[in-house]
Each structure stands twice: as C-alpha cells, then as structure tokens.
Amino acid sequence: MSNNYTADNIQVLEGLEAVRKRPAMYIGDIGVKGLHHLVYEVVDNSIDEALAGYASSVDVIIHANNSITVHDDGRGIPVGMHEKEKRSALEVVMTVLHAGGKFDKGSYKVSGGLHGVGVSCVNALSKQLKVSVFRDGKKYEQEYEIGKPMYPVKEVGSTDKTGTSTTFLPDDSIFIVHEYKFETLAARLRELAFLNKGITLTITDEREKNDDGSFKNEVFYSEGGLIEFVQWLDETREAIIPQPIYVEGERDGVIVEMALQYNTSFNENIHSYVNNINTIEGGTHVSGFRRALTRTFKSYGEREKMFEKLKFDISGDDFREGLTTLISVKVPEPQFEGQTKTKLGNSEVQGVVETTVGEALKNYLEENPKQSKQIIQKVIIAATARHAARKARELVQRKNVLSGSGLPGKLADCASKNADECEIYLVEGDSAGGTAKQGRDRNFQAILPLRGKILNVEKAMEHKIYENEEIRNIFTALGVHHRDDKSLNIDKLRYSKVIIMCDADIDGSHITTLILTFFFRQMKELVEFGNIYIASPPLYQVKKGKQSEYCWTEQQREQAQIRMAGDTGKIDSVGVQRYKGLGEMNAEQLWETTMDPDRRTLKQVTIESAAEADRIFSVLMGDDVPPRRDFIVSHAKYANVDV
Ligand code: 0RA
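My numbering numbers the first residue of the sequence shown as 2 and each following residue consecutively.
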C-alpha cells in the first residue's frame, strides 16, 4: 500500500465520521424517516441504472434482523482501479461522500433521495454492509463496518448475471428506531413504479410468512405510468372523462410527464415530483402546469361561448376543482427551496411545462369536443359554488369582527400569545372539554371543545364547510384563513401544537379521522409542517391499595397487574378500570396522563407519502362504501394513526 492510499483513506474516514457525528444533516433524522431513507438512497441508485436503460428490476428484501438487501440487474458498479484514488472504483463509491455516479459523465443522476447523499452515507450509518457486484462473468465482494472496508474488493466466483446487490444493517447505536415498516417501503416502491414505468420493483419481508409458507411479498410494475397512478389515486372517485389526459415530452433537457383526470369531488389534488422526489411545496413545474390549464381551458370556453351567461369571473381555482393531477419532471440540476426543501426553484422549468402541457391540452380539446364541454360545464358549476362559498366566508369574517375579540365563545384561550409555546386541544364533546379546561395549564394550553361528529369535508361542498360552526371555530381559534389563492396564512397560526383529543374508542377514533380529514383537505400546510398531533389518553388504570398505574396497552396492563399482585400471585385482587372515554377521568387524571408535557405521549401526524394519504382519505371518507369497509379492515391502525 502506498502512502497515498493511506492519506486518502484518512480523508475518507473523516468524511464518514462527519456523517456519523451529524446523521440528521445527511438523512433528515435518526427516527423512522431516516431509517427508511437509507433504503431509498440505495434504491435510487438502482433506479438510476434502470433509467439509464441498463436495469429492469429492483428487489428489496427486509431480513429477519431488520437488515436490508437491495438488488438490481444493471451493469454492476465498476470494480476496476480508480486512477486518482488508487483503489477500486467500487470502494470509492461506497466510501467517499458524493462519489456515486461520478464516472459516468454522459448521464446525470436522475433520481437521488431528497438529500442526495449517496450510498457512502448509508455505509457510514451501517454496522455492517456488504456489496456484491456481478460483472464481466465474475462476482466481486467487499464488506464494511461503520463504513470502513474490511478488505480490498475481491473476486469470489463466476456468474452469468450482471448487477449489484447491497446488504446493510443500520447501526442501532445511531438510530432510535430499528424496525422497518413493510407498508412504508411498499408505498415508496409503488410510487417509484408509477413514476418510472416499465421497471419491476419487488419487496419481500422475511419477518413474515404467508399461509403457504412463502414470505410476505409484493410486486410493483406499471406499464401506463402516471395514467395508472391517477387511476389508482381516484379509484373510489367518479371519473368525468373516460380516460385521463396524458402527455410526455422533452424540451431543453427537461423531461415532462403529466396525467390528469376530472372527478365529481370538490378537491384539487396535485401531486408533483422532480427527479422522483415528491415536491410537496410545488414550485415552477406546478405553476407552469396551472398556467397552461387555466389559459387553454379558458380560451376554449370563451371561443365556444360557454361563459357568456356567467355574471362573475372564472378564476384559476375553478379549473382545478375535482381535478387529480400528476406531474413528474426530470431536471438535470434541480434547485430545491422552501421550508422543507421540496419546492422546485428552477425558473426555466415553468416555461417548459407550460408549453408541453399547453400543447397537449389544446390537442385534447380539439379532438374530444364532447368531453371538453363536460369539463367546462363542471368548471362553470365550480365557479358558481365558489361564488356562494366566498359569500359564506365573508359572512364568517364579518361575524367574527362583531363578536369583539373575534375568537369563538367556546374557546378557553391561554395566557401566552407566543405561538411557539402555545398549544390548543381540540376536544371531543363539551363535557370532556370542561374537564380539560380544569386540568390544563392555562399559561400555554387552550381548549376548544367540538360538538359531536364534525362535518365530513371529503363529501361537502366548499360553502358548506364555511357554514359549519365547528369548522368556523377551528379557523378562527387558530387565527388562520385561506387567502384568495387558497394558500393558508400560516404565519398567523396562534398555536404551534394543535392536539386532537378524543375518546379511546371506535367513535373517538372516527371523530379523530374526521378532524384529520379536515386538516388534510383544508389546512394541509399544518400537517406538512408537523403542527398536528393526536393525544393518547390511557386505556386502563390499574390499582391496588395506594398503588396506581395508568396503562396504554394490554401488555402494560397485564404486567402492572402481575407486578401489583406481587408474591400473592392473586391477579384478581388488583383493580382494573377501563377508561371508555375522556369523561371518566377527572381533571387531575387527564392532566397527569394526557396533557402534562412531561408525562403525556403525543403522536405527531406526518405524511409519509402524500399520494398514499390522498388515496386513503378518499377511500375512507368518500362515497364508495364497499371499498371503504375492506380498507378499514386491512388498514385500520395505519390509517388512523400514521397517515
Ligand atoms: C457508474 C458506471 C456504471 C455503473 C454504475 C455506475 C452503477 C451504479 C449502481 C448503483 C447501484 N446499482 C448500480 N449499477 C450500476 C457502469 C459503467 C460501465 O459499465 O461502463
């Protein structure tokens, strides 16, 4: 080994050490998200190989010990000597930050996780990692521990395949969560299959067996890409035109793909992606799309004299009511902006998308007059309803001004006005609301009781939403409203934590879902920025003499009973109270178990996959009842808690 090799090696280790010191900087966090991000990072490299035309399948395996294998049938990472680094190219890719893909000058990295950190980060954060390359008739291997190679790349046999296989075990001293969720990984692979048509992605879970003894497994493959993505999202919505409108094109080095479908709902659902990354904050590609849609449809409606009888203006929103859209662009050097770095900033992309989509829509309108008229008729209905909704909304704002402080009478506000430290509990029922008011710390906790079932916004028209008293109270208590472009003035939010507190029973979880649906459809920004939480009241109080313990699970209850029975072994001598509702607790108990920041557990509501969440809400809360029942049965836990 030359001195040079040693020197380079030291530099490499410093790089990987930086990753281990500040993992969150590289992969977002060290919780569930970061843990799953490791898999996405490795999968993205394989997807790139497939997009370059060399691989057709990517397989992910969750092993029994929560280690992961990602395999692809591409060319295999080059194993030859890297001139400058004086080591195998494979070793460089696996150990040098941001080295991945650097040799292949002709192609740019299309996918690449949000943080785009490369597989060396995964290596640095893995206790063990082994990479196998199948190339030139041979199989090569190298293993690493926390990023350090155990030996130089070695040839271990012959093969007639080509490809790359990476197996890694996340370092449990870095991550605070160690279990992979099948559903989470499956959702991302499904999304990738829709976004990259023609690639087969599979996931196998070796921790779980099917009835026939095989491992739990799912295969994702899409021939139709975004067309099928729209159809999957809108499965339980009623389509207005028989087939989605679709366009695919390339201009100035930017690849644009778009599919849209109109349905009879009132929601606008745009899901946008840049290089396979979900841009939840939108950006130039989305604004290009919107401009194209408004411009083309508006001039068509005017030319066909369909707007003549209207007494008010048609706005951009009206063209997007009941519209589900997918936009996917592939941009060589994306600039990400915004609070969560998921907003595309490249200004040149707006024009590219606007032109590509504009031309496609124009052609569609020319070639499909019947469908086009149906769409414009829907737009006119939307405009009329919006007009009614604006009146309702203005009425709300006027009423608020009349009632003095402008805050709802039912709100028990907190003393602090510093939103960062303030919380608001949305409590099911006036009686539990009363208990919460007594139990809270009034310095920073506000209480807003909600009466019974709140409106199902999934099925309601916009003006009904503003006419609903409970919903108006939520808007005014939180201090936010929709601007004319429908965005939320989130800077006026009066509480940084919005906590939904319902009974721990079926009714309570239904109400929680209704409230979540409301936030997801009407205040999505709050969900995206992590302001929404769900309180977890205990299920049991276990008591014996002066001893008392609250329990949240069956297992905790059992253990508490055994512990309190002690040497007597008489479990039935221990009292168990099952809390059916919040109302069964007094103010002090509610504070101790559910509201005291030092003792409570809050579940933060996050969106793992916006597309998945959109579909879940439309299935759960929409009109189509049979799929809803199936869905609740198979997804109940997942849908309720971890949307
Ligand atoms: C650069 C060059 C070549 C292959 C790859 C990268 C490659 C990387 C990954 C990561 C996961 N799977 C992969 N498969 C391939 C090949 C260049 C050549 O063969 O000439």
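C-beta: ideal position from N, C-alpha, C; glycine also.
Just so we're clear, the structure is a prediction, and the values are computed from it rather than from any experiment.
Note down the Cα distance separating Val428 from Gly509, rounded to an integer number of angstroms.
Cα-Cα distance, rounded: 10 Å.
Check whether the Cβ atoms of Gln351 and Met596 lie closer than 8 Å to each other.
No, the Cβ-Cβ distance between Gln351 and Met596 is not below 8 Å.
Buried or exposed, going by whether 16 or more other CB atoms sit within 10 Å of the CB of Glu258?
Buried, since its Cβ has 16 or more Cβ neighbours within 10 Å.
On the DSSP letters alone, give me the boundaries of the alpha helix (DSSP H) that Lys438 sits inside.
Taken as a continuous stretch (DSSP letters only), the alpha helix (DSSP H) holding Lys438 covers 431–440.
Could you tell me whether the segment 515–525 touches the segment 455–463, where touching means 3 or more Cβ pairs closer than 8 Å?
Touching, yes, given that three or more Cβ pairs across the two stretches are closer than 8 Å.
Can you tell me whether Glu50 sits near the ligand 0RA, meaning its C-beta is under 7 Å from at least one heavy atom of the ligand?
Yes; taking the cut-off as 7 Å, the Cβ of Glu50 has a heavy atom of the ligand 0RA nearer than that.
Just to confirm, are Phe267 and Glu463 a CB contact at a threshold of 8 Å?
Contact flag set, yes.
Which residues in the same chain have their Cβ closer than 7 Å to the Cβ of Lys131, if we skip the five residues on either side of it in sequence?
Once the five neighbours on either side are set aside, the close Cβ partners of Lys131 are Glu142, Glu144, Thr168.
So what does DSSP say about Ser133, is it helix, strand or coil?
Ser133 falls in the strand class under three-state DSSP.
Can you find at least 3 beta carbon pairs, one from the segment 599–616 and one from the segment 178–190, that sit closer than 8 Å?
At 8 Å Cβ cutoff, the stretches touch.
Just curious, the beta strand (DSSP E) that Gly576 is in, first and last residue?
It spans 576–579 - the beta strand (DSSP E) in which Gly576 sits, taken as one unbroken run.
I need the straight-line Cα distance from Glu15 to Val123, nearest angstrom please.
So the two alpha carbons sit approximately 15 Å from each other.
Taking 8 Å as the threshold, find out whether the segment 206–217 comes into contact with the segment 54–74 through three or more Cβ pairs.
Contact holds: three or more Cβ-Cβ distances are below 8 Å.
What's the call for Thr602, buried or exposed, on a 16-neighbour Cβ count within 10 Å?
The residue in question, Thr602, is exposed, as its Cβ has fewer than 16 Cβ neighbours within 10 Å.
How big is the Cα-Cα spacing for Ile512 and Met502?
Roughly 10 Å separates the two Cα atoms.
Distance check for Thr326 and Ser159, CA to CA, integer angstroms please.
Those two C-alpha atoms are separated by around 48 Å.
Ends of the beta strand (DSSP E) at Gly164?
Unbroken beta strand (DSSP E) run through Gly164: 164–171.
Taking Cβ to Cβ, would you say Val275 is nearer than 8 Å to Val332?
Yes. Within cutoff.
Would you report the Cα separation of Tyr181 and Val71, rounded to the nearest angstrom?
So the two alpha carbons sit approximately 14 Å from each other.
Do you know how far the Cα of Asn218 is from the Cα of Asn419?
So the two alpha carbons sit approximately 49 Å from each other.
Taking the alpha-carbon positions, what's the Tyr551 to Lys34 distance?
Computed Cα separation, rounded: 30 Å.
Look at the alpha carbon of Met151 and the alpha carbon of Gly29, and state the distance between them as a whole number of angstroms.
Taking the straight line joining both Cα atoms gives about 28 Å.
Using a Cβ distance threshold of 8 Å, determine whether the segment 231–245 contacts the segment 359–376, with at least three qualifying pairs required.
Counting Cβ pairs under 8 Å, three or more are found: they touch.
Could you check which residue in Gln605, Asp442, Glu146, Met565 has the C-alpha nearest to that of Gln548?
Comparing Cα-Cα distances from Gln548 to each of Gln605, Asp442, Glu146, Met565, the minimum goes to Met565.
Restricting to Cα atoms, I'd like to know which of Asn364, Arg387, Thr594, Leu621 is closest to Ala505.
Answer by Cα proximity: Thr594.
Confirm the yes/no value for this check: CB of Asn46, any heavy atom of the ligand 0RA, distance under 7 Å.
Checking every heavy atom of the ligand 0RA against the Cβ of Asn46, one is found closer than 7 Å.
Quick check on DSSP: helix, strand or coil for Ala640?
Confidence in Ala640 is poor, its pLDDT being 36 and thus under 50, which makes the residue's placement too unreliable to answer from.
Residues in its own chain within less than 8 Å of Glu471 by CB, not counting five upstream and five downstream?
These residues qualify, in order along the chain: Leu451, Arg452, Ile455, Leu456.
Express the C-alpha separation of Val231 and Gly283 in angstroms, rounding to a whole number.
Whole-angstrom Cα-Cα distance: 18 Å.
Are Leu170 and Lys128 closer than 8 Å when you measure CB to CB?
Contact: yes.
Is the CB-CB distance between Phe195 and Ser223 below 8 Å?
Result yes, Cβ atoms of Phe195 and Ser223 sit closer than 8 Å.
Under 6 Å Cβ to Cβ from Ile533, same chain only, skipping five residues before and after it: list those, please.
Answer for Ile533: Val499, Phe520, Leu527, Val606, listed in chain order.
Should Gly138 be counted as a contact of the ligand 0RA given a C-beta to heavy atom distance under 7 Å?
Not so, every heavy atom of the ligand 0RA lies at least 7 Å from the Cβ.
Just curious, the beta strand (DSSP E) that His272 is in, first and last residue?
Element bounds for His272: 269–275.
Can you check the segment 265–351 for any alpha helix (DSSP H) of at least 4 residues that lies completely inside it and give the ranges in chain order?
The segment 265–351 contains these whole alpha helix (DSSP H) runs: 285–304.
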